Amino acid sequence: MRQNDQDKRAEAIEWVIRLRDPARADWEGFTAWLESDPSHNAAYEHVALTDREIEKAAVIDPVAPRPSNDNQPCGVVERRRVRWFTVTAATAVAGAGLMAIALYPVMIPAAGSAYAIETRVGEHRTVKLDDGTQIELNGGTRVSLRKGNPRFASLDHGEAAFTVVHDPADPFIVEIGNAHLQDVGTTFNVLRTSDRVEASVSKGTVLYNPGAEALRLDAGKQLRVTARGDVAVSEVDPATIAGWRENRLTYRHASLATVAADLSRNLGVPISVAPEIAGRSVSGVIYLDRDEAAVLPRVGALFDVDVTSTGRAWRLTAKPRNARQS
Numbered sequence: 043m044r045q046n047d048q049d050k051r052a053e054a055i056e057w058v059i060r061l062r063d064p065a066r067a068d069w070e071g072f073t074a075w076l077e078s079d080p081s082h083n084a085a086y087e088h089v090a091l092t093d094r095e096i097e098k099a100a101v102i103d104p105v106a107p108r109p110s111n112d113n114q115p116c117g118v119v120e121r122r123r124v125r126w127f128t129v130t131a132a133t134a135v136a137g138a139g140l141m142a143i144a145l146y147p148v149m150i151p152a153a154g155s156a157y158a159i160e161t162r163v164g165e166h167r168t169v170k171l172d173d174g175t176q177i178e179l180n181g182g183t184r185v186s187l188r189k190g191n192p193r194f195a196s197l198d199h200g201e202a203a204f205t206v207v208h209d210p211a212d213p214f215i216v217e218i219g220n221a222h223l224q225d226v227g228t229t230f231n232v233l234r235t236s237d238r239v240e241a242s243v244s245k246g247t248v249l250y251n252p253g254a255e256a257l258r259l260d261a262g263k264q265l266r267v268t269a270r271g272d273v274a275v276s277e278v279d280p281a282t283i284a285g286w287r288e289n290r291l292t293y294r295h296a297s298l299a300t301v302a303a304d305l306s307r308n309l310g311v312p313i314s315v316a317p318e319i320a321g322r323s324v325s326g327v328i329y330l331d332r333d334e335a336a337v338l339p340r341v342g343a344l345f346d347v348d349v350t351s352t353g354r355a356w357r358l359t360a361k362p363r364n365a366r367q368s
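Shown next as structure tokens:
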């Protein structure tokens, strides 16, 4: 018996919601769902379009908080590409016969002192704190801050670039799980995923875990800590650090799996890699474009892989042996 339209729409809504949350996103599962039935892509596109219309109706323009109001979060947020300040919305779509639920990040302080700033995949956001420090969030990123304390940030997941106004008497701290980074007059980029943390310094100095290892990272150094606790420091060109802010991704001996994850985060579309080539080491520079259909064929040519699409999902696979030899 064929799956009815209501079931398909319900599944499409679930995928729209899941892909907004990097902690729940399952690109492989999404690709498999799209490929399992040709009508799934149409259902997903319909829900995604409805979702965008809800966003337009629900947007709240950001307003810089008044200094005298302690109930407002510190900092000013600059919006790029899309409207960032939106609310959780649920609306009945006339004539569609379904309830579309759109979930959006909201920058509202909790009853305590903490509040969060979040981006969806494919979105960038800039936060300017009261002390002049600037935080730029890549797609699929969540940063927690504290009211009244502009010298602290926690990177919950994703990637962010920090340009810190240095104060020797009150150093800026970035919390990454149980670890900490402390600035010493610094511009640096931090990536946190389920399997690793990377901190790359483009200017100044950062201290990793100042109360324990006190590992010093000067400009041009990159720290990598795996989920197993392995720590490694390598050299990196400072000019390439946080290149995503300028629509540029630079790789030196990176795995294709890492490249795909970065592209998904920046382009906002699911990109998977065939298991047999996921660990392949590649080097090169990718120049991003808002149109993934323009970017991904260039990626395929650069890294000598086949790139195919199914609806909104993309996949990198090995080229046939005879094609690679020709």
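For what it's worth, the working numbering labels the leading residue of the sequence shown as 43, then goes sequentially. Built from N, CA and C at the ideal position, the CB exists for glycine as well. Here the structure is a predicted model, which means the values were calculated and not measured.
Asked: Tell me, which residues are paired with T292 by DSSP?; Found: V327
Asked: With the cut-off set at 8 Å, would you say R238 and A269 are in Cβ contact?; Found: yes
Asked: V173: which of G164, A195, A355 and G310 sits nearest, CA to CA?; Found: The question names Val, but residue 173 in the sequence shown is Asp. D173 has its Cα closest to that of A195, out of G164, A195, A355 and G310.
Asked: The alpha helix (DSSP H) with R307 in it runs from where to where?; Found: L298 to L309
Asked: Within this structure, are the beta carbons of L187 and I159 separated by less than 8 Å?; Found: yes
Asked: Can you check which of these residues, V163, K50, A52 and Q48, is closest to G310 by C-alpha distance?; Found: V163
Asked: Opposite Y157 in the DSSP bridges: which residues?; Found: L187
Asked: Determine the DSSP secondary structure at L249, reduced to helix, strand or coil.; Found: strand
Asked: Quick check on the DSSP output: the beta strand (DSSP E) that includes L257 runs from which residue to which?; Found: L257 to D260
Asked: Helix, strand or coil: how does DSSP classify I283 here?; Found: coil
Asked: Are the Cβ atoms of A261 and S244 separated by less than 8 Å?; Found: yes
Asked: Any heavy atom of the ligand ATP inside 7 Å of the beta-carbon of G342?; Found: By its list of ligands, the structure shown contains no ligand whatsoever, and the ligand ATP lies outside what it can speak to.
Asked: One question on the structure: do V324 and D331 come within less than 8 Å of each other, judged by their Cβ atoms?; Found: no
Asked: If you drop the 5 nearest sequence neighbours on each side, which residues of the same chain put their C-beta closer than 6 Å to that of N83?; Found: L76 and G353
Asked: By the DSSP assignment, the beta strand (DSSP E) with E178 in it spans what residues?; Found: Q176 to L179
Asked: Going by the CB atoms, is the gap between T247 and V226 shorter than 8 Å?; Found: yes
Asked: Drop a sphere of 10 angstroms on the beta-carbon of P339, count the other beta-carbons inside from all chains shown, and report buried for 16 or more, exposed for fewer.; Found: exposed
Asked: Report all residues from its chain with a CB closer than 6 Å to the CB of D304; omit the five preceding and five following residues, and keep chain order.; Found: L291
Asked: Quick check: what's the CA-CA separation for P312 versus G326?; Found: 21 Å
Asked: Since I believe E240 is in contact with L265 (beta carbons under 8 Å), could you give me their beta-carbon distance rounded to a whole number of angstroms?; Found: 7 Å
Asked: Let's test the definition: count the other Cβ atoms within 10 Å of the Cβ of H166 and tell me whether it reaches 16, buried, or not, exposed.; Found: buried
Asked: Run through DSSP, which three-state label would A54 get?; Found: helix
Asked: Between the beta-carbon of V315 and the beta-carbon of L344, is there less than 8 Å?; Found: no
Asked: When the Cα atoms are used, what is the spatial distance from V207 to A52?; Found: 47 Å
Asked: Could you give the first and the last residue of the continuous beta strand (DSSP E) run that contains E277?; Found: V273 to E277
Asked: Please classify L338: does DSSP put it in a helix, a strand, or coil?; Found: helix
Asked: Taking the DSSP output, what are the residues bridged to A360?; Found: V347
Asked: Roughly how many whole angstroms lie between the Cα atoms of D212 and S351?; Found: 50 Å
Asked: Let me check one thing: in DSSP terms, what residues is S242 bridge-paired to?; Found: N231 and Q264
Asked: Measure the beta-carbon distance from N231 to E201 and round it to whole angstroms, keeping in mind my assumption that it falls under 8 Å.; Found: 7 Å
Asked: Over what stretch of residues does the beta strand (DSSP E) that includes R270 continue unbroken?; Found: Note, R270: premise wrong, no beta strand (DSSP E); not H, not E.
Asked: Taking the continuous beta strand (DSSP E) assigned at D225, which residues delimit it?; Found: A221 to D225
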